[in-house]
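S.K.: Please see the structure below; I have some questions.
Residue numbers (the working numbering): 80 to 426.
Structure representation (C-alpha cells):
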C-alpha cells in the first residue's frame, strides 16, 4: 500500500437538489415535511465557542437565540427527530428535551448538531440539520447501496436532517487507541484497505481521518472493527484521483503505516478482492434502485467538465483502461468502475 499527501485546493460548491432527484427521494421515502428548516436555525446573532473537556476549541459554536424563538425551535426539532427516528410517532419524544444546538462553520455543509436528552434517564442522542446538497445525498445513497452500513436521513426543500453515526473519530482513534494491546492490528489494517477500496470504486472523496469513525464490536474471542464514513460532501466532484484514495491523505498516515507493517501485497490484494465481491453482490441485489439513481445523477450537474476529464484520464492511466476516456460524467465513471469490478470478480 502506497502513502503520500494530497490536498483539496478549493471549497466544493453546494449543489441544489434537482426535481428528478426529489422524485427519487419520494420514491424511496427520503422526503418529509419538517417543522423546522435549516434557515430557521440561522436566526441567531451571537454564539460562543464549544470547548472539549481539555479546553480545546472543537470548531463548533453554540448559538444564542431570542427567548421567544427557543420554544418554537425546540418543539420543532423534537418533532423532526420523531420523523427521522419513528416516522413521526411523537410518543418517542414525550420525555425528551433539546439540551443544546451547536453550529459548525468548518466544512461545506455548515451543519447544526442537535443534542436531545431523555429526562427520565439522561440518555442522549444527536442528529444533524444541514443544507440539502445534491452531492451529499448521492453519497448517502451510494453508502446505503454499497457499504455494509445503513444511513438514515430525510430531505425537505433546502434542509437535510441526518442521524448521528456513532463511533470514535478516526483521528482520535489513531492518536489514542491504535496501539491498544487488546486490539489486533491486522484486523484494523484489513478494514482500512477495504475502506480505501470502497471509496475508490464509489468515488467518495476527502476521507481524511476526521471524516470517518471507527466502530468497535467485542466478539467472543476478539474485537471486530469497521470504518464508517460520516462526511459525504465530496462525492464524485474532484478531478484528482488521489482524493478518492484515503491512503494518500497525511491525516491517515498511521493507518497506512499499520497496513504496510502488518500486511503483505498478497493479503492487501485479497482484502481488495473481498470488498469488490461485496460491491458486486450489492450491485446485483440493488440493481433497480441503482438504475434509478444512475438515471437521475447522469442528468445532474454536480461537477465540472474539467474535473470529469481529469478524473477519467487519471483512471485510464491508473487502470490502463482507455474506456475511461469515453466517460462524459462522474456517473459514467462509477458505472464503469462497477462493471470492471463485476468482470474481475467473475474472471
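Built from N, CA and C at the ideal position, the CB exists for glycine as well.
1. Work out the CA separation of residue 284 and residue 325 for me, nearest whole Å.
2. With a Cβ-Cβ cutoff of 7 angstroms, do residue 263 and residue 301 count as a contact?
3. Rounded to a whole number of angstroms, what is the C-alpha to C-alpha distance between residue 190 and residue 241?
4. Throw me the rounded Cβ distance for the residue 188 and residue 151 pair, which I believe falls under 8 angstroms.
5. Quick check: the segment 219 to 227 against the segment 307 to 316, are at least 3 beta-carbon pairs closer than 8 angstroms?
6. Only counting runs of 3 or more residues, tell me where the beta strand (DSSP E) segments fall wholly within the segment 90 to 135, in order along the chain.
7. Thinking C-alpha only, which one of 299, 194, 281 and 306 is nearest residue 290?
8. Along the chain, which unbroken stretches of the alpha helix (DSSP H) at least 4 residues long are found entirely within the segment 319 to 402?
9. Answer yes or no: do residue 211 and residue 268 have a C-beta to C-beta separation smaller than 7 angstroms?
10. From residue 100 to residue 340, what distance separates their C-alpha atoms?
11. Determine the extent of the alpha helix (DSSP H) in which residue 294 is found, giving its start and end residues.
12. Does the distance from the CB of residue 359 to the CB of residue 272 come in under 7 angstroms?
13. So, using beta-carbon positions, are residue 123 and residue 160 closer together than 7 angstroms?
14. For residue 394, which residues of its own chain have a beta-carbon under 7 angstroms away from its beta-carbon, when the five flanking residues on both sides are left out?
15. Where does residue 125 land, buried or exposed, given buried means 16+ other C-beta within 10 angstroms?
16. Give the secondary structure of residue 281 by DSSP, where H, G and I count as helix, E and B as strand, and everything else as coil.
17. According to DSSP, is residue 29 helix, strand or coil?
18. In chain order, what residues of the same chain lie with their CB nearer than 6 angstroms to the CB of residue 162, ignoring the 5 residues before and after it?
19. Let's test the definition: count the other Cβ atoms within 10 Å of the Cβ of residue 410 and tell me whether it reaches 16, buried, or not, exposed.
20. Which residue spans inside the segment 169 to 243 form an unbroken alpha helix (DSSP H) run of at least 4?
21. Using a Cβ-Cβ cutoff of less than 6 angstroms, which residues in the same chain neighbour residue 382 once the five nearest sequence positions on both sides are dropped?
22. Taking its Cβ as the centre, do 16 or more other Cβ atoms sit within 10 Å of residue 45, making it buried, or is it exposed?
M.R.: In brief:
1. The residue given as residue 325 occupies position 246 in the chain shown. The residue given as residue 284 occupies position 205 in the chain shown. Those two C-alpha atoms are separated by around 8 angstroms.
2. Taking the first residue of the chain shown as position 1, residue 263 is located at position 184. Taking the first residue of the chain shown as position 1, residue 301 is located at position 222. Yes; because the gap between Cβ atoms is below 7 angstroms, this pair is in contact.
3. Counted from its first residue, the chain shown places residue 190 at position 111. Counted from its first residue, the chain shown places residue 241 at position 162. Taking the straight line joining both Cα atoms gives about 10 angstroms.
4. Reading the chain shown from its first residue, position 109 is the one you call residue 188. Reading the chain shown from its first residue, position 72 is the one you call residue 151. Wrong, their Cβ atoms sit about 23 angstroms apart, outside the cutoff.
5. yes
6. 125 to 130
7. Mapped onto the chain shown, residue 290 falls at position 211. The option with the nearest alpha carbon to residue 290 is 306.
8. 332 to 341, 344 to 364, 366 to 378 and 384 to 398
9. Position 132 of the chain shown, counted from the first residue, corresponds to residue 211. Position 189 of the chain shown, counted from the first residue, corresponds to residue 268. Not closer than 7 angstroms, so no.
10. Numbered from 1 along the chain shown, position 21 holds the residue referred to as residue 100. Numbered from 1 along the chain shown, position 261 holds the residue referred to as residue 340. Distance between the alpha carbons of residue 100 and residue 340: 44 angstroms.
11. In the chain shown, the residue the question calls residue 294 occupies position 215. Residue 294 -> not in any alpha helix (DSSP H); beta strand (DSSP E) instead, spanning 291 to 297.
12. Counting from one through the chain shown, the residue named residue 359 turns up at place 280. Counting from one through the chain shown, the residue named residue 272 turns up at place 193. No. Outside cutoff.
13. Reading the chain shown from its first residue, position 44 is the one you call residue 123. Reading the chain shown from its first residue, position 81 is the one you call residue 160. Cβ distance not < 7 angstroms, so residue 123 and residue 160 don't count as in contact.
14. Sequence index remark: in the chain shown, residue 394 carries index 315 (1-based). Answer for residue 394: 320, 403 and 412, listed in chain order.
15. As a position in the chain shown, residue 125 is number 46, starting the count at 1. That one is exposed.
16. Numbered from 1 along the chain shown, position 202 holds the residue referred to as residue 281. If DSSP states are grouped into helix, strand and coil, residue 281 belongs with the helices.
17. The chain is shown from 80 up to 426; residue 29 falls before or after that span and cannot be answered.
18. Position 83 of the chain shown, counting from 1, holds the residue named residue 162. Excluding positions up to five away in sequence, the list reads 111.
19. Reading the chain shown from its first residue, position 331 is the one you call residue 410. Its Cβ being crowded by 16 or more others within 10 Å, residue 410 is buried.
20. 213 to 225
21. For the purposes of this step, residue 382 is taken as the residue at position 303 of the chain shown. Around residue 382: 316 and 409.
22. The structure shown does not extend to residue 45, since the chain spans only 80 to 426, so no value can be given for it.
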